Amino acid sequence: MLELRKEYFADERDDNLNEIGKGTQRQDMLGHVTGASTYFNDHKLQGMLHLKVLRSAHSHARIRRIDLSEAERSPGVRRIIRGQDVPRNLNTLLSLINFGVDDEPTLAVDKVRYKGEPIVAVVADSHREAFEAIAKIRVDYEPLPTVFDVEDALKAGAPVVNETYPRNTFTYHERYDHQKLRFGDVERGFAEADHVIEHRYQMSPIEHAPTETNGSIAAPDTNGRYVVYTSTQALFFSLDTCAKILDVPSNTLHFIGGTVGGGFGGKVDTLTEPLAILGAMLTGKPVRYIFGREEEMQYGPPRGAERIYLKDGVRRDGRIVARKVRAYFDSGAYTRLSSYAVVKCAAHLPGPYTIPNVYGDIYCVFTNRTPATAMRGFGVTAMDFAIECQMDRLAELVGLDPMEFRILNAYRDGDMKAHRREAKNTALVECVQVAAEKAKWPIREEFRRMSSRQGVAAPAPRREQAPAPRPTYERAPGYEPAGRNEPPPPPAPAPAPAHGATRFSSVFGTRRR
Amino acid sequence: MSKHRGRGMASINYPIGMNLGGDPSQALVHSNPTGKFTVALSSIDLGQGMKSVTRQICAETLGVPVEDVFVDTADSDTGPHCMGSFASRGTHRVGNAVVAAAKEARGVMMEAAAEELEVNASDLETDGRGNIHVKGAPHRSITTKEVAMAAQFKQGKTIAGRGIFLVPLSPVDPETGEMSPATCYAHACLVAEVEVDDETGEVTVIRMDSAYELGRALNPRLVEQQLVGGAWMGISHALYETPEPYYPNPKHGPRDFVEYVMPGPGDICPHDLAVLERPAPDGPFGAKGPGEMCANPVLPAVANAIYNAVGVRVDELPITPEKVLRGLRAQGGAKPKARR
Numbered sequence: 056m057l058e059l060r061k062e063y064f065a066d067e068r069d070d071n072l073n074e075i076g077k078g079t080q081r082q083d084m085l086g087h088v089t090g091a092s093t094y095f096n097d098h099k100l101q102g103m104l105h106l107k108v109l110r111s112a113h114s115h116a117r118i119r120r121i122d123l124s125e126a127e128r129s130p131g132v133r134r135i136i137r138g139q140d141v142p143r144n145l146n147t148l149l150s151l152i153n154f155g156v157d158d159e160p161t162l163a164v165d166k167v168r169y170k171g172e173p174i175v176a177v178v179a180d181s182h183r184e185a186f187e188a189i190a191k192i193r194v195d196y197e198p199l200p201t202v203f204d205v206e207d208a209l210k211a212g213a214p215v216v217n218e219t220y221p222r223n224t225f226t227y228h229e230r231y232d233h234q235k236l237r238f239g240d241v242e243r244g245f246a247e248a249d250h251v252i253e254h255r256y257q258m259s260p261i262e263h264a265p266t267e268t269n270g271s272i273a274a275p276d277t278n279g280r281y282v283v284y285t286s287t288q289a290l291f292f293s294l295d296t297c298a299k300i301l302d303v304p305s306n307t308l309h310f311i312g313g314t315v316g317g318g319f320g321g322k323v324d325t326l327t328e329p330l331a332i333l334g335a336m337l338t339g340k341p342v343r344y345i346f347g348r349e350e351e352m353q354y355g356p357p358r359g360a361e362r363i364y365l366k367d368g369v370r371r372d373g374r375i376v377a378r379k380v381r382a383y384f385d386s387g388a389y390t391r392l393s394s395y396a397v398v399k400c401a402a403h404l405p406g407p408y409t410i411p412n413v414y415g416d417i418y419c420v421f422t423n424r425t426p427a428t429a430m431r432g433f434g435v436t437a438m439d440f441a442i443e444c445q446m447d448r449l450a451e452l453v454g455l456d457p458m459e460f461r462i463l464n465a466y467r468d469g470d471m472k473a474h475r476r477e478a479k480n481t482a483l484v485e486c487v488q489v490a491a492e493k494a495k496w497p498i499r500e501e502f503r504r505m506s507s508r509q510g511v512a513a514p515a516p517r518r519e520q521a522p523a524p525r526p527t528y529e530r531a532p533g534y535e536p537a538g539r540n541e542p543p544p545p546p547a548p549a550p551a552p553a554h555g556a557t558r559f560s561s562v563f564g565t566r567r568r
Numbered sequence: 027m028s029k030h031r032g033r034g035m036a037s038i039n040y041p042i043g044m045n046l047g048g049d050p051s052q053a054l055v056h057s058n059p060t061g062k063f064t065v066a067l068s069s070i071d072l073g074q075g076m077k078s079v080t081r082q083i084c085a086e087t088l089g090v091p092v093e094d095v096f097v098d099t100a101d102s103d104t105g106p107h108c109m110g111s112f113a114s115r116g117t118h119r120v121g122n123a124v125v126a127a128a129k130e131a132r133g134v135m136m137e138a139a140a141e142e143l144e145v146n147a148s149d150l151e152t153d154g155r156g157n158i159h160v161k162g163a164p165h166r167s168i169t170t171k172e173v174a175m176a177a178q179f180k181q182g183k184t185i186a187g188r189g190i191f192l193v194p195l196s197p198v199d200p201e202t203g204e205m206s207p208a209t210c211y212a213h214a215c216l217v218a219e220v221e222v223d224d225e226t227g228e229v230t231v232i233r234m235d236s237a238y239e240l241g242r243a244l245n246p247r248l249v250e251q252q253l254v255g256g257a258w259m260g261i262s263h264a265l266y267e268t269p270e271p272y273y274p275n276p277k278h279g280p281r282d283f284v285e286y287v288m289p290g291p292g293d294i295c296p297h298d299l300a301v302l303e304r305p306a307p308d309g310p311f312g313a314k315g316p317g318e319m320c321a322n323p324v325l326p327a328v329a330n331a332i333y334n335a336v337g338v339r340v341d342e343l344p345i346t347p348e349k350v351l352r353g354l355r356a357q358g359g360a361k362p363k364a365r366r
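Below, the structure is given as structure tokens:
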């Protein structure tokens, strides 16, 4: 099923190693296949209590009053926790790396901003008693207007989701409502193009769907410390987040992870640990807080939806000369990690291609839905969907095979990327060549002979013994970084394409491939 | 009414590690008195194989058999700081920290061996099978167990090492987005073949062929596990799942695995994989990392294959039978493109 194509880049590798490159059986394999591996929820502690939260019934509402009188008398209830009980109720995850402003409460106090937002936590002797007490809590809501569409959220007069960001957008560099990417002169690029197309792409939200839902167990230990068994993907990230929210020195907490039953990005947000530890602090007993499946699917954070507008200019010879992107990340009601993904997305533009004029505006937008978070391919998956569907359209427009069109525009070693760093260690051309060969998708000889590297020809494709003559190469001229606040000089007008051979006009002058 | 086949492709790259860097990880490596090593990490194994890949890296660097190394993860009291298991950073960041720690431990081990053999440490080499011997004179040899015993009880040396790996944080230019997002990138190209039923709108993925370039494949079986599983996730993203089926309308969200639609075992298709290895100059033994990227090319490749099969472009995910049927109706039926 998997074949290693050792003939590629063989001169850059030392394959003569003892352990590296071997398909050694996993250290934890026997535990996994026999069911012996330990997960956080396998720790059953003496006198363990159970924590559950009351979640908002509205997507956006002011909380007028919370009546706990009946719930407090409910059987088995040990403690009811409200926002006022949380030492530092407001937090934002990336404050640990000094990015963003605290904008999300552990327990909502005066307002709820998405359906399912936690308002009150109940610690009880059993799950059932916790749920029964929650059913007896009375919350008096004043529903507020809602906004669910990212572009509606940006309109004047849209409901303010999160007062920390009154324009419903995360603030970049203390002055912009989006992250910019500027490279070359995109309008000039469109003017030089033979075809310009623009399309809208919509990525759906996605549930991580781990087999093991988010959860943790916190227990008092000696010396005033607490031991925390957790499903987290990021042990110290979660530990430091809890130390901040609970306002304790970090060495108060001893976090023990272990085998995680599926993460995919959905176990970074530290959703259960702060309340489980606070429950243990307030009761002196071990406290377990684990999401049910419905909580995981609806109120655990998903991969956020993204809406992308992609405008491209392409010449008749197949070279893409301009790419302009406007994208909206749906962060939900709070920032979590979406602000970070926006910058990562800007860095990813314009995909693995060398395009002389690139323009990007990427927004992190707040709406009245469950906050989004990281997921496999964070900041990139949706953009790749948009770019690669667009690439298919462009190839058809100029009458090129989609594989050849990719190879033609692929970035190579020495090319300048839109975030102004030189491309190195690239291998897109070779991946396209090998995938085409495996799928028996015919591409022309000159495209099979191209390389990501300067002065190196691709290895002879399999089942092809006749050696082709090595093409000659010229290195692209070196790139001189432009001044910090001015765009780089526009590219020289492209010479007339001598297409059909292995020669293309490149971004920074002429070079052969 | 009939079924139409089509093929589509996509090519992608993916950055390794947290965007902009600034995401350190540490590792500790130490030997017990009989020459068995422990790697202490606070990093998390999510099932991706963190324990195994760091174990191989440590054994290779020390020059001992992999059986002589075990990796302990996920304890904040015993494992030094790690940013976390995300952003395709495990193999690259943690692996580099383990290389650094194991190099330091190896240095002490070789010094202790040199003292026992009464030679210079620089004249020694490991055979990867638990022995240390003089270069060119394999008979002048000592086992790592004997070295560890001597270090602990005779010489009073700790065969141990500390390692950290950090890509310094890059600034971002507010006006241009100039930045250093990542030090290396993995690459991929994937071909998907689909069958579209123009009566039901249902899409079946028939097969996939792909080529991935991941830097050095430290453990090809773990790579295969990631790529096969990730492609399944890609099919699921492309055709099936979402917790908000009428996005941006938030209603009718699924609550369990009955309502949340995902492909089952019967929907998995043959997937033929090729792996290319262009070593990352700053990767542990040249490794990058396959973890996140492997779902990404599947989404557009499937969408492009559907277009090739019936001429319908669906630009909103997931590509449900309803959306395919609406597209077919809008254009007056299937309009297959040239077979590839």
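Here the protein sequences line up with chains A and B, keeping their order. Start counting the first sequence at 56; every next residue gets the next number (my numbering). Start counting the second sequence at 27; every next residue gets the next number (my numbering). Cβ atoms here follow ideal geometry from the backbone N, Cα and C, with glycine treated the same way. No experiment lies behind these values; they were computed from the predicted model shown.
Which of the residues in the segment 186–204 of chain B, read from start to end, lie with their CB under 9 Å from any CB of chain A? Flagged, chain order: L195, V198, D199, P200, E201, T202, G203 and E204.
Minimum length 3: unbroken beta strand (DSSP E) runs contained in the segment 39–107 of chain B: 51–57, 63–66 and 95–98
Identify, in the order they occur along the chain, each residue of the same chain with its Cβ nearer than 8 Å to the Cβ of L244 (chain B), setting aside the five sequence neighbours on each side. Here residue 244 (chain B) refers to the residue found at position 218 of the second sequence. Excluding positions up to five away in sequence, the list reads V79, Q82, I83, T117, G121, P310, F311 and A313.
Note down, in chain order, every chain A residue with its Cβ under 9 Å from the Cβ of A329 (chain B). Taking the second sequence and counting its residues from 1, one reaches residue 329 (chain B) at position 303. Neighbours of A329 (chain B) on chain A, chain order: F440, E443, C444 and D447.
So for I75 (chain A), helix, strand or coil by DSSP? For the purposes of this step, residue 75 (chain A) is identified with residue 20 of the first sequence, where counting begins at 1. Note: I75 (chain A) maps to coil in three-state DSSP.
For T117 (chain B), name the three-state secondary structure that DSSP assigns. If you number the second sequence from 1, residue 117 (chain B) lands on position 91. Helix, per DSSP.
By Cβ distance, which residues of its chain are closer than 6 Å to P160 (chain A), with the 5 residues on each side in sequence left out? The residue labelled residue 160 (chain A) in the question sits at position 105 within the first sequence. If we look at P160 (chain A) and ignore the five residues flanking it on each side, its Cβ neighbours are G138, N144 and L145.
Could you check whether R33 (chain B) and R366 (chain B) sit closer than 7 Å to each other, using their CB atoms as the reference points? Locating residue 366 (chain B) in the second sequence gives position 340, counting from the first residue. Locating residue 33 (chain B) in the second sequence gives position 7, counting from the first residue. A contact, by the Cβ cut-off of 7 Å.
Between G312 (chain A) and A100 (chain B), is the Cβ-Cβ spacing less than 7 Å? Position 257 of the first sequence holds residue 312 (chain A). Position 74 of the second sequence holds residue 100 (chain B). The Cβ atoms of G312 (chain A) and A100 (chain B) sit closer than 7 Å to each other.
Neighbouring residues, chain B, relative to I498 (chain A) (Cβ below 8 Å): Translated into the one-based positions of the first sequence, residue 498 (chain A) becomes position 443. Result: empty, since nearest Cβ-Cβ is about 11 Å, beyond 8 Å.
Between the CA atoms of E501 (chain A) and P362 (chain B) - distance to the nearest angstrom: As a working note, residue 362 (chain B) is residue 336 in the second sequence. As a working note, residue 501 (chain A) is residue 446 in the first sequence. Between P362 (chain B) and E501 (chain A), the C-alpha separation is close to 29 Å.
Please return the same chain residues whose Cβ sits closer than 8 Å to the Cβ of N480 (chain A), not counting the five positions on each side in sequence. Start at 1 with the first residue of the first sequence, and residue 480 (chain A) comes out as number 425. Within the same chain, N480 (chain A) has close Cβ partners D468.
Quick check: does the Cβ of S506 (chain A) come within less than 6 Å of any heavy atom belonging to the ligand MN? This structure lacks the ligand MN, and indeed carries no ligand of any kind.
My output table needs one value for S37 (chain B): the three-state DSSP class, helix, strand or coil. Counting from one through the second sequence, the residue named residue 37 (chain B) turns up at place 11. DSSP places S37 (chain B) in strand when its eight states are reduced to three.
Among residues of its own chain, excluding the 5 on either side of D71 (chain B), which ones have a beta-carbon nearer than 6 Å to its beta-carbon? For the purposes of this step, residue 71 (chain B) is taken as residue 45 along the second sequence, with counting starting at 1. For D71 (chain B), where only same-chain residues beyond five positions count, the Cβ hits under 6 Å are K77 and T99.
Since I272 (chain A) contacts H98 (chain A) with CB under 8 Å, what's their CB separation in whole angstroms? One-based indexing of the first sequence puts residue 272 (chain A) at position 217. One-based indexing of the first sequence puts residue 98 (chain A) at position 43. At roughly 5 Å, the Cβ-Cβ gap stays under 8 Å, so I272 (chain A) and H98 (chain A) are in contact.
Alpha-carbon spacing of V124 (chain B) relative to E130 (chain B), whole angstroms: As a position in the second sequence, residue 124 (chain B) is number 98, starting the count at 1. As a position in the second sequence, residue 130 (chain B) is number 104, starting the count at 1. Distance between the alpha carbons of V124 (chain B) and E130 (chain B): 10 Å.
Based on DSSP bridge pairs, tell me the residues matched to I372 (chain A). As a first step, residue 372 (chain A) is located in the first sequence; it is residue number 317 there, counting from the start. Checking the sequence shown, residue 372 (chain A) turns out to be Asp, not Ile. DSSP lists no partner for D372 (chain A).
Quick test of your reading: I75 (chain A) and R242 (chain B), contact by CB under 8 Å. State the CB separation rounded to the nearest angstrom. Locating residue 75 (chain A) in the first sequence gives position 20, counting from the first residue. Locating residue 242 (chain B) in the second sequence gives position 216, counting from the first residue. That belief holds up - the Cβ atoms of I75 (chain A) and R242 (chain B) are roughly 7 Å apart, short of 8 Å.
Identify which residue in A:E451, A:T314, A:V216 and A:F310 has its Cα closest to the Cα of V282 (chain A). The sequence position of residue 282 (chain A) within the first sequence is 227, counting from 1. Nearest of A:E451, A:T314, A:V216 and A:F310 to V282 (chain A), Cα basis: A:F310.
What are the complete alpha helix (DSSP H) segments, minimum 4 residues, inside the segment 293–367 of chain A? 328–338
Length of the line joining the Cα atoms of H474 (chain A) and T152 (chain B): The count along the first sequence starts at 1 and reaches residue 474 (chain A) at position 419. The count along the second sequence starts at 1 and reaches residue 152 (chain B) at position 126. Cα-Cα distance, rounded: 44 Å.
Return the CA-CA distance between K62 (chain B) and A190 (chain A), expressed in angstroms with no decimal places. Within the second sequence, residue 62 (chain B) is the residue found at index 36, counting from 1. Within the first sequence, residue 190 (chain A) is the residue found at index 135, counting from 1. Whole-angstrom Cα-Cα distance: 55 Å.
Taking Cβ to Cβ, would you say L54 (chain B) is nearer than 7 Å to R188 (chain B)? Here residue 54 (chain B) refers to the residue found at position 28 when the second sequence is read from its first residue. Here residue 188 (chain B) refers to the residue found at position 162 when the second sequence is read from its first residue. Yes. Within cutoff.
Just verifying my parser: in three-state terms, what is the DSSP assignment at S28 (chain B)? Position 2 of the second sequence, counted from the first residue, corresponds to residue 28 (chain B). Here S28 (chain B) sits in coil by DSSP.
Put G358 (chain B) into one of helix, strand or coil per three-state DSSP. The sequence position of residue 358 (chain B) within the second sequence is 332, counting from 1. In this structure, G358 (chain B) counts as coil in the three-state DSSP scheme.
Alpha carbon to alpha carbon, how far is T268 (chain A) from A570 (chain A)? Give it in angstroms, no decimals. An answer regarding residue 570 (chain A) cannot be provided, because it is not within the stretch 56 to 568 covered by chain A.
Reference F440 (chain A); option with closest CA among A:T409, A:P426 and A:H403: Working through the first sequence from its first residue, we reach residue 440 (chain A) at position 385. Of the candidates A:T409, A:P426 and A:H403, the one whose C-alpha sits nearest the C-alpha of F440 (chain A) is A:H403.
Should R369 (chain B) and G86 (chain A) be called a contact, given that it needs their Cβ atoms to be closer than 7 Å? Nothing in the structure corresponds to residue 369 (chain B), since chain B is present only between 27 and 366.
Can you look up C486 (chain A) in the DSSP assignment and give me helix, strand or coil? Mapped onto the first sequence, residue 486 (chain A) falls at position 431. DSSP places C486 (chain A) in the helix class (H, G or I) of the three-state scheme.
Give, in chain order, every unbroken run of the alpha helix (DSSP H) that is at least 4 residues long and sits entirely within the segment 208–286 of chain B. 246–265
Which residues of the segment 60–82 of chain B have a Cβ closer than 8 Å to any Cβ of chain A? Give them in chain order. S68, S69, I70, D71, L72, G73, G75, K77, S78, R81 and Q82
Using alpha carbons as the reference points, say which of A:V141, A:D66 and A:L123 lies closest to R193 (chain A). To locate residue 193 (chain A), count along the first sequence from 1; it is residue 138. Taking only the C-alpha atoms, the option nearest R193 (chain A) is A:L123.
Cβ neighbours of R508 (chain A) in the same chain (closer than 6 Å, five flanking residues each side left out): Counted from its first residue, the first sequence places residue 508 (chain A) at position 453. Cβ within range, chain order: D468.
Residues of chain B with a CB under 7 Å from the CB of F292 (chain A): which are they? The residue you call residue 292 (chain A) lines up with position 237 of the first sequence. Near F292 (chain A) (Cβ distances below 7 Å), the residues of chain B are M109 and G110.
How would you write the range of the beta strand (DSSP E) that P281 (chain A) sits in, first residue to last? Numbered from 1 along the first sequence, position 226 holds the residue referred to as residue 281 (chain A). Pro is not the amino acid found at residue 281 (chain A); the sequence shown has Tyr there. From DSSP, the beta strand (DSSP E) with Y281 (chain A) extends over Y281 to T285.
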